[in-house]
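S.K.:
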Amino acid sequence: TAKASPAAPRQQRLVSLDVFRGITVLLMIIVDDAGSFLPAMNHSPWEGVTIADFVMPFFLFIVGVALALAYKRVPDKLDATRKATLRALKLFCVGLVLQGTY
């Protein structure tokens with residue numbers, strides 16, 4: 020029988036990043052669904068700020084932090100950039116299919 024080779028040690032996850040990501044996704048769902056019965060969750064029409072106005076910036080912040088942390092661990096930056104770009108394009112195409120022209 021072949022001996023199992025020891026697995027490479029896994030990097031510890033940054034719990035605060037996961038928690039903030041989870042809260043942001045939860046806010047996306049709440050803001051998207053609660054706007055009809057809770058007007059305070061809608062985007063501010065002109066002046067003022069509501070929680071809905073912070074969801075996208077929070078999400079983009081988390082994406083940037085996660086990419087920066089991931090790039091620290093990757094030895095081949097060019098390959099990682101290609102993979103990230105390809106993944107973003109695939110997700111964009113899935114979004115086009117799911118949303119249509121909306």
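Each residue of the sequence shown is one higher than the one before, starting from 20 at the first, in the numbering used here. Cβ coordinates follow ideal geometry from the N, Cα and C atoms, glycine included. Just so we're clear, the structure is a prediction, and the values are computed from it rather than from any experiment.
Between the C-alpha atoms of residue 59 and residue 53, what's the straight-line distance to the nearest angstrom?
M.R.: Looking at the two C-alpha atoms, the distance is approximately 9 angstroms.
S.K.: From residue 73 to residue 57, what does the alpha carbon distance come to, in whole angstroms?
M.R.: For residue 73 and residue 57, the distance between alpha carbons rounds to 17 angstroms.
S.K.: Could you check which residue in 62, 86, 117 and 108 has the C-alpha nearest to that of residue 99?
M.R.: That would be 86, whose Cα lies nearest to the Cα of residue 99.
S.K.: Pick out whichever of 37, 31 and 108 has its Cα sitting closest to the Cα of residue 122.
M.R.: No answer is possible for residue 122: it lies beyond the span of the chain, which begins at 20 and ends at 121.
S.K.: Excluding sequence positions up to five away, which residues of its chain have a Cβ less than 7 angstroms from the Cβ of residue 62?
M.R.: 69, 71 and 72.
S.K.: Mapping DSSP to helix, strand and coil, what is residue 64?
M.R.: Note: residue 64 maps to coil in three-state DSSP.
S.K.: Could you check how far apart the C-beta atoms of residue 30 and residue 92 are, in whole angstroms? I think they sit under 8 angstroms.
M.R.: So it is a contact: roughly 6 angstroms between Cβ atoms.
S.K.: Reducing DSSP to helix, strand and coil, say where residue 37 ends up.
M.R.: Three-state DSSP puts residue 37 in a helix.
S.K.: Excluding the five sequence neighbours on either side, which residues of its own chain have a C-beta within less than 7 angstroms of the C-beta of residue 90, listed in chain order?
M.R.: Hits under 7 angstroms: 96 and 99.
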